[in-house]
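Taken in sequence, the protein lines are chains A and B.
So the first sequence is numbered by our numbering: it starts at 6 and just counts up by one.
So the second sequence is numbered by our numbering: it starts at 6 and just counts up by one.
Before any comments, here is the structure.
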Amino acid sequence: MPLKTLKQETANALTLEWILHIKNYRLSLNKDHCVGCQICTLACPKEAIKLVKHTKIQGQKAKKATVDVDLTKCNFCGICDILCPYGAIKVTVNGEHILSVVEKESFPQLVRDIQVDTSKFPVGDSKCEEACPLNLIHIARLTPDGNVVEDLKAVSRKDRKKLQVKIDVEKERCPCCRVCEYKCPEDVMHIRKFVHGKILIHPEKCPEGCTDCLDVCPITGALYYSDEDKKVHADEMFCVYCGACKAVCPVEEALDLKRTKIVHTPVRSGAWNKALERLASPVEMSKELKAKGSQKAVVSVEKRLGWKSA
Amino acid sequence: MGAEKKIEVEEPRIGVFVCHCGLNIAGVLDIKELLEYSKTLPNVVYVKDNRYTCADPGQEEIRKGIKEHKLNRVIVAACSPRMHEPTFRRTVSDVNLNAFLFEMANIREFSSWCHPSTPQEATEKAKDLIKMAVAKARLLKPLQTIEVPVTNKALVVGGGIAGMNTALDLAEMGFKVYLLEKGESIGGHMAQLDKTFPTLDCSICIEGPKMVDVGRHPNIKIIANADLQSVSGFIGNFKVKIRKNPRFVIAENCTGCGECKEVCPIEYPNEWDMNLGVRKAISVPFDQAVPLVYTINKDYCIECFKCVDACGARQAINFEQQPEEIELDVGAIVVATGYDVYMPYDNPLLGYGKYANVITSLEFERLILAAGPTGGKVVRASDGHKPHSVAFIQCVGSRDKNKYPYCSNFCCMYTLKHVVQLKEKYKQDVEIYVFYMDMRSNFKGYEEFYDRAREAGVNFVRGRVSKILEVPETKNLLISAEDSLLGQPIEIEAEMVVLATAAIPKKGADEIARILNVTRGADGFFMESHPKLKPIDAPTDGVFFAGACQGLKDIPYSVSQGSGAASRAATVLSKPKWKIEPIVSVIDPAKCRNVNSKCGICAERCPYGSIKVEEKKAAEVITAMCHGCGTCVAECPADAITQMHFTDAQIFAQIRAALETNPQDKILAFLCNWCSYAGADLAGTSRFEYPPIIRPIRVMCSGRVDRDFILEALRLGAGMVLVGACHLPYDCHYISGNWKMKARMDALAPMLQKLGLSPERFRVEYVSAAEGVRFAELIREMTAQLNALGKDKIKMENEKLRPILENMLKRKEKK
């Protein structure tokens, strides 16, 4: 019985659909928001998502990898939606963004710990807004009667003190890089990363003058080019360990990227264990299981992988 | 030359009985001439004609002839041996003549029916056929039938309404039945339906209890979610291999409570619901499923193991479950694999798949069903609203020369049911149009049901729909058709279109056909042994058909055929022993090469592994395993093997008889019993006329056709030689006899050409039992080629070939 399906691709969106008579399952990928990282391809339980790499054109900047979803494999579970650090994928049922895997507690959600203390915010400042590499922070200044101030310069110094500040962060799309926190002089932003890991660019393997990884890195400052050795270096401070850089690096093993921990809501789920195993490593997964006291699960993983935890 | 020069102890006394078959034979052939001619044949001591030889008086004539004239061989020149050979064998054994001293000359299917406009030539051909039968009869030997034990269990393949009835009936008779179902639950298409015509009773309400009966019957074992892997053996003694696919749920532990389904987060389109609704990754396709065992679909499951938690102490879930191989011994097999529904994606004019509000009838069935995905509301896919006008379009794919030329049998009736249901549900609120070619309502209560639909105020438009277009704003559909009663084109706007699509052979029917060695007709449905008299039997003994797999049927007829198949199977199962024909191979140890050197070719070529070869010993045939194809006989380099009833001597005698006069004008054909001979029979039965120049010799399998037969025929100057076989790769009734023949002939043909034979004079052709048209066309084509070559050229080639062929055949005799 062939299923009525749809796959459409435009310059800035990829849409997949199951068209049932009274139900509609849709996966939409915002290509502008997608940075071509590895998270969804690794996390997909059906291995339906593939990263498509693009050859670099001489003299131009490296192009970010793009994502393609196989309609015959996708089951619209929404795990890619949950795990995308940049909020580029949305899975909806009949237009509603309700994820059954979350509702039924069979998959956790990422914990994006973003605290904004507006009380400390200097009214005239906009460093954090400018700092955000993804333009996710929107600052609004309101007069006591609730009007938005368009031009701050027009407001007198005295009146400025009366202004109320509203800071809006597009949380769903925030990868929690902490650039805003670092740039903010007044301790307004408090961000905790949800992906922890390690990144290392081996200078001996990194080709001189190549900036491919830097070209695609969505986080300003996570990677930087050193004029000294003409190589790219990583800054653990801002890196979100998404792996967009690794996808374009032309030299094998020049770039080491490891995820060690992903902060998520509590859950007991085989699907999450597998996702974690692929995103981080079996070691990290068994660490998490141990922390949860799921000794039985650890044993079964060891048996399956023929691997022994320390 | 190749003939055995053994002298029969008893001189043959042959009686020839020529049948008029009413006017079927006598209307074309000159019976008197045939009788006179028969008298002149050697060893013929008695001739007699009968109006109907197969009728009691005709049979009595045979018995009388045997007694009064001391006949020890009997020939009936009448219809095909595939029709009445068993009848006359019984007749002669009634008066203690061995059944294998009987021979038939097929002068009806092979002469009077296929050459009606050339009676004189047809009579000549009939004479030759009788002469060939006499030549063979002179060399016939008495044989004893072989008895094999019968396993009194049955396998039913397919758990739809037909298969369920077969299983229940057999189980009630006391036989153990294995009911194999490919899907997760038995029930078949009937379980998908809302109501049934013409009584409008709820389908699952009447089928559900039957399903439960099947599930509970102590004599029935349901093997669901399983595939048929292979079948070997023969009637009474089949060995069946089944692969049970993993459900990842342990059937014994699953209570069917459904708690796992509640916690499962994943939904996927329910194919059983025509993909209109969804089911969970762990679920049953529908609530009444039998057996009520849940299944995990690993294509969609994300393995969160929430179901394992929910199942808890019952421990019914096992993600590591492996496929299970089951081996069964059964005596009879009933095939009831059903049909599929055509999805008209490939017809751009109707817009199915393109326009949201164009659906198929089976989808409509799921919509109007109270337990369906919409809870019985007929709604449009585009906006979820109830349509105020619905157009039903008949014969989508059916009765269409470019698609499926046959009539799908039940579409007219289910559309009538749909319109009546829709009218009763929405009353005046819905306008209904039915576009039809012919309304076929030809069974009990059906015409009355048609009247009911007419009276309900449905608009019937007689005419074929040419195209459907969507109105982009409203998503309504514009239907263009020609009203053939008014003789003018019409255009109607409807809010929903329902396509009554063709029912088609089940996906995988080709695989089943291959496994069971049964053939399929041109339409893809299984071929019965005889369209009228053996509509339930497969050509393979011990295999029977039930339901739509053999030809489309509605529910009552599927049920009837299911019961019919049960009774046919019981005729086998109820016997402790089954008689098989003794047409097996016998090896002469004095001639077998294997005694002195390593040979074993026969064992290697036997499709059934029924020949045992040990070093320094003559090869031996395991008689119970021999199916009687004769491939080993043709392959044996020392001519040490004989096939009983189809000996080299007998076939050589037939060849010589056929080619005694004017050989250059004749096509000598070796036709395998199951495909080509049956195809030629069908050409006769269907009255497809072709030139009367062919002289056919029946062999059980094309694998039996020895290269010496070809050489002998050409030595005698045959205009053309044809070997007719079952289609490659899988149609051979004896698994691979046709392949062995092909290898043999592929080597022979270039050699003959090198010796100066025109390539068109020796042909290997594949004709199935369903290809009567093709057989007739083939003979027409060959005749044209023969005429194009011309007698002179043929005679010239023959002159050149004869000494070489004589030499080759002589050398053979020296061995």
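Think of the CB as a built atom: it goes at the ideal place given N, C-alpha and C, for glycine as much as any other residue.
With the cut-off set at 9 Å, would you say B:Gly567 and B:Thr171 are in Cβ contact?
On the second sequence, residue 567 of chain B is found 562 positions in, with the first residue counted as 1. On the second sequence, residue 171 of chain B is found 166 positions in, with the first residue counted as 1. In contact: B:Gly567 and B:Thr171 (Cβ atoms closer than 9 Å).
Taking the beta carbon of B:Asp54 as the centre, do at least 16 other beta carbons fall within 10 Å, making it buried, or is it exposed?
On the second sequence, residue 54 of chain B is found 49 positions in, with the first residue counted as 1. B:Asp54 should be labelled buried.
From what residue to what residue does the alpha helix (DSSP H) around B:Ala570 run?
Within the second sequence, residue 570 of chain B is the residue found at index 565, counting from 1. Where B:Ala570 is concerned, the enclosing alpha helix (DSSP H) stretches over Ile560 to Leu578.
Is B:Glu189 helix, strand or coil by DSSP?
For the purposes of this step, residue 189 of chain B is taken as the residue at position 184 of the second sequence. Reduced to three states, the DSSP call for B:Glu189 is coil.
Report yes if the C-beta distance between B:Gly729 and B:Ala639 is below 9 Å; otherwise report no.
As a first step, residue 729 of chain B must be located in the second sequence, where it is residue number 724. As a first step, residue 639 of chain B must be located in the second sequence, where it is residue number 634. Going by C-beta atoms, B:Gly729 is not nearer than 9 Å to B:Ala639.
Using a C-beta to C-beta distance shorter than 9 Å, which residues of chain A count as neighbours of B:Ala379?
As a first step, residue 379 of chain B is located in the second sequence; it is residue number 374 there, counting from the start. The sequence given here has Thr at residue 379 of chain B, not Ala. Within 9 Å Cβ-Cβ: His26 and Ile27.
Hey, could you find the ends of the beta strand (DSSP E) B:Glu436 is sitting in?
By 1-based counting over the second sequence, the position of residue 436 of chain B is 431. B:Glu436 -> beta strand (DSSP E) spans Glu436 to Tyr441.
Going by Cα to Cα distance, which pick from A:Pro223, A:Leu8 and A:Phe112 is closest to A:Pro138?
Mapped onto the first sequence, residue 138 of chain A falls at position 133. Taking only the C-alpha atoms, the option nearest A:Pro138 is A:Pro223.
Can you list, in chain order, the residues of its chain whose CB lies under 7 Å from that of A:Thr270, leaving out five sequence neighbours each side?
Here residue 270 of chain A is taken as the residue at index 265 of the first sequence, counted from 1. The answer, listed in chain order, is Pro113, Gln114 and Val116.
My parser needs the alpha helix (DSSP H) runs of 4 or more residues fully inside the segment 481-561 of chain B; what are they?
Counting whole runs of 4 or more residues, the segment 481-561 of chain B contains the alpha helix (DSSP H) stretches 514-521.
Of the residues that make up the segment 273-289 of chain A, which ones have a beta carbon closer than 8 Å to any beta carbon in chain B?
Listed in sequence order: Arg273, Ser274, Gly275, Ala276, Trp277 and Lys279.
Just curious, the alpha helix (DSSP H) that A:Thr20 is in, first and last residue?
Here residue 20 of chain A refers to the residue found at position 15 of the first sequence. Segment Ala18 to Ile24 is the beta strand (DSSP E) holding A:Thr20; no alpha helix (DSSP H) there.
Taking C-beta to C-beta, are B:Lys822 and B:Arg768 nearer than 9 Å?
The question about residue 822 of chain B has no answer, for chain B in this structure spans 6 to 820.
Given that a residue counts as buried once 16 or more other Cβ atoms are within 10 Å of its Cβ, and exposed if not, what is B:Tyr350?
To locate residue 350 of chain B, count along the second sequence from 1; it is residue 345. Exposed is the call here.
Taking the continuous beta strand (DSSP E) assigned at B:Ala231, which residues delimit it?
If you number the second sequence from 1, residue 231 of chain B lands on position 226. Residues Ala231 to Phe239.
At 9 Å on the CB atoms, spell out the chain A contacts of B:Glu189, in chain order.
Mapped onto the second sequence, residue 189 of chain B falls at position 184. Under the 9 Å cutoff, chain A gives no residues; its nearest Cβ is about 14 Å from B:Glu189.
Compare the beta carbon distance of B:Pro270 and B:Asp278 with 9 Å and say whether it is the shorter of the two.
Taking the first residue of the second sequence as position 1, residue 270 of chain B is located at position 265. Taking the first residue of the second sequence as position 1, residue 278 of chain B is located at position 273. No; because the gap between Cβ atoms is not below 9 Å, this pair is not in contact.
For A:Asn17, would you say it is in contact with chain B, using Cβ-to-Cβ distances shorter than 9 Å as the test?
Counting from one through the first sequence, the residue named residue 17 of chain A turns up at place 12. Taking Cβ atoms only, chain B never reaches closer than 9 Å to A:Asn17, which makes this a no.
Closest Cβ-Cβ distance between A:Pro271 and chain B: below 9 Å?
Counting from 1 along the first sequence, the entry for residue 271 of chain A is found at position 266. It does not: the Cβ of A:Pro271 has no partner Cβ on chain B nearer than 9 Å.
Under 9 Å between the Cβ atoms of A:Leu141 and A:Cys89?
Within the first sequence, residue 141 of chain A is the residue found at index 136, counting from 1. Within the first sequence, residue 89 of chain A is the residue found at index 84, counting from 1. Going by C-beta atoms, A:Leu141 is not nearer than 9 Å to A:Cys89.
Looking only at its chain, what residues have a beta carbon closer than 7 Å to the beta carbon of A:Thr225, apart from the 5 residues adjacent to it on each side?
The residue you call residue 225 of chain A lines up with position 220 of the first sequence. So the qualifying residues of the chain are Pro138 and Val184.
Kindly indicate which three-state DSSP category B:Pro701 falls into: helix, strand or coil?
Locating residue 701 of chain B in the second sequence gives position 696, counting from the first residue. Strand.
What residues from chain A crowd round B:Tyr455, counting only those whose CB sits closer than 7 Å?
If you number the second sequence from 1, residue 455 of chain B lands on position 450. What B:Tyr455 touches in chain A: nothing, since even the nearest Cβ is about 29 Å away.
Beta-carbon within less than 6 Å of A:Lys12's beta-carbon, same chain only, minus the 5 sequence neighbours each way: which residues are those?
One-based indexing of the first sequence puts residue 12 of chain A at position 7. Same-chain partners within the cutoff: Leu21 and Leu76.
When the Cα of B:Ala318 is compared with those of B:Glu264, B:Cys309 and B:Ser615, which residue comes out closest?
Numbered from its first residue, the second sequence carries residue 318 of chain B at position 313. If we check each option's Cα against that of B:Ala318, B:Glu264 comes out closest.
Could one say the Cβ of B:Gly7 lies closer than 9 Å to chain A's Cβ atoms, at least one of them?
Working through the second sequence from its first residue, we reach residue 7 of chain B at position 2. Unreliable placement is indicated for B:Gly7, whose pLDDT of 38 sits below 50; no coordinate value is reported for it.
In three-state terms, what does DSSP make of B:Tyr771?
Within the second sequence, numbered from 1, the residue matching residue 771 of chain B stands at position 766. In this structure, B:Tyr771 counts as strand in the three-state DSSP scheme.
Note down, in chain order, each residue of its chain lying with its Cβ closer than 7 Å to the Cβ of B:Thr342, except the 5 sequence neighbours on either side.
Working through the second sequence from its first residue, we reach residue 342 of chain B at position 337. Counting only Cβ-Cβ distances below 7 Å, and skipping sequence neighbours, we find Val162, Gly163, Lys511, Ala514, Ile517 and Cys554.
Could you tell me which uninterrupted beta strand (DSSP E) segments, each at least 3 residues in length, are contained entirely in the segment 38-88 of chain A, listed from first to last along the chain?
Whole beta strand (DSSP E) segments, 3+ residues: 54-57 and 71-74.
Looking at the structure shown, is A:Ser105 part of a helix, part of a strand, or coil, going by DSSP?
Position 100 of the first sequence holds residue 105 of chain A. If DSSP states are grouped into helix, strand and coil, A:Ser105 belongs with the helices.
Unbroken beta strand (DSSP E) runs of length 3 or more, entirely within the segment 333-365 of chain B: which are they?
Taking only runs of at least 3 residues, the beta strand (DSSP E) segments lying wholly in the segment 333-365 of chain B are 337-340, 344-346 and 363-365.
Taking C-alpha atoms, which residue in B:Asp559, B:Lys582 and B:Cys631 lies nearest to B:Met195?
Here residue 195 of chain B refers to the residue found at position 190 when the second sequence is read from its first residue. Nearest C-alpha to B:Met195: B:Asp559.
Pick helix, strand or coil for A:Tyr246, following the three-state DSSP scheme.
Counting from one through the first sequence, the residue named residue 246 of chain A turns up at place 241. Looking at A:Tyr246 - three-state DSSP - the assignment turns out to be coil, as it is neither helix nor strand.
Applying a beta-carbon distance threshold of less than 7 Å, which residues of chain A neighbour B:Pro274?
Position 269 of the second sequence, counting from 1, holds the residue named residue 274 of chain B. By Cβ distance, chain A contributes Leu8, Trp23 and Leu25.
Consult DSSP for B:Ala396 and reduce its assignment to one of helix, strand or coil.
In the second sequence, residue 396 of chain B corresponds to position 391, counting from 1. Strand, per DSSP.
In the DSSP assignment, find the unbroken alpha helix (DSSP H) run with B:Asp35 in it and report its ends.
Numbered from its first residue, the second sequence carries residue 35 of chain B at position 30. Neither: B:Asp35 is in no alpha helix (DSSP H) and is coded neither H nor E.
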